[in-house]
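Numbering (the numbering used here), first residue to last: 1 to 294. The beta-carbon is built from N, C-alpha and C at its ideal position, and this holds for glycine as well. Note that this is a predicted model, so its numbers are computed, not measured.
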């Protein structure tokens, strides 16, 4: 058989990718040269707008430092007042000294612990959101025994006094009662809405997103109500003890200034916490507020 008569085998087919490349006209942009999708471009623009500058960092650090100093300072000032000018603490064996537990524990629970809880939830963004929620709940949970013991101490102190004092008579006592009721309601609703409902995260997202602005707004209202209750308590204390105080006494004058300083610090805490929760740690161009995450 003549080998020259055998037809040669056809050449193997080129790969599909090579064929497509050969068919592509010159100058066609490749995949790497294609513009990003609209969603990614929008996200990139938002990230660029939210970049921090020196002013944003300064504002953030100023709020953190001032709020920490004020929240810790108001508790230290209260302890200094009670220990050095009100003879310390006691329980039912001395109703007068048992009463001193009331302002200290209420300031510790309603102001210091609750204030840190609000600020940490608002300013702490370096952790996962679930961790921030747990820290937020932990500080509020620590405030519960302080508030409960503070309420029992003033209740027992009034009942054990000679003669017994009337409970829930003044504006301060009614404001405190409303503040405690709102605090318990906020804790229960927040615990079930933002922690328990996470077991069905996708199905409960709409419900939680609706609850976020309500919970945040009432939380701030409750904190401001606690500050108002503390200030009315200081005013009531000075009014009741004005007749017993000796105006020429040096200690009485200093105690008067300490009480006034407590009131000023409480007002400053209300201002700084309000600013902190209504402004994010992003620059002014980023419209982010306390109600954005659930």
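Of the residues assessed, residue 128 falls on the exposed side of the cut-off, its CB having fewer than 16 other CB atoms within 10 angstroms.
For residue 210 and residue 218, the gap between their C-alpha atoms comes out near 13 Å. DSSP places residue 216 within a helical segment (H, G or I) once states are collapsed to three.
Contact between residue 263 and residue 234 holds: CB atoms are separated by about 6 Å, below the 8 Å threshold. Shown here, residue 114 sits in a helix according to DSSP, grouped into three states. The segment 85 to 146 contains no complete beta strand (DSSP E) run of 3 or more residues. Residue range 171 to 194 is occupied by the alpha helix (DSSP H) that includes residue 183.
Below 8 Å, enough C-beta pairs join the segment 75 to 89 and the segment 97 to 111 to call them touching: three or more.
Per DSSP, reduced to three states, the secondary structure at residue 204 is coil, with no helix or strand assignment. Under the three-state reduction of DSSP output, residue 162 falls in the coil class, being neither helix nor strand.
Considering only 58, 113, 220, 57, the residue with the shortest C-alpha distance to residue 71 is 113.
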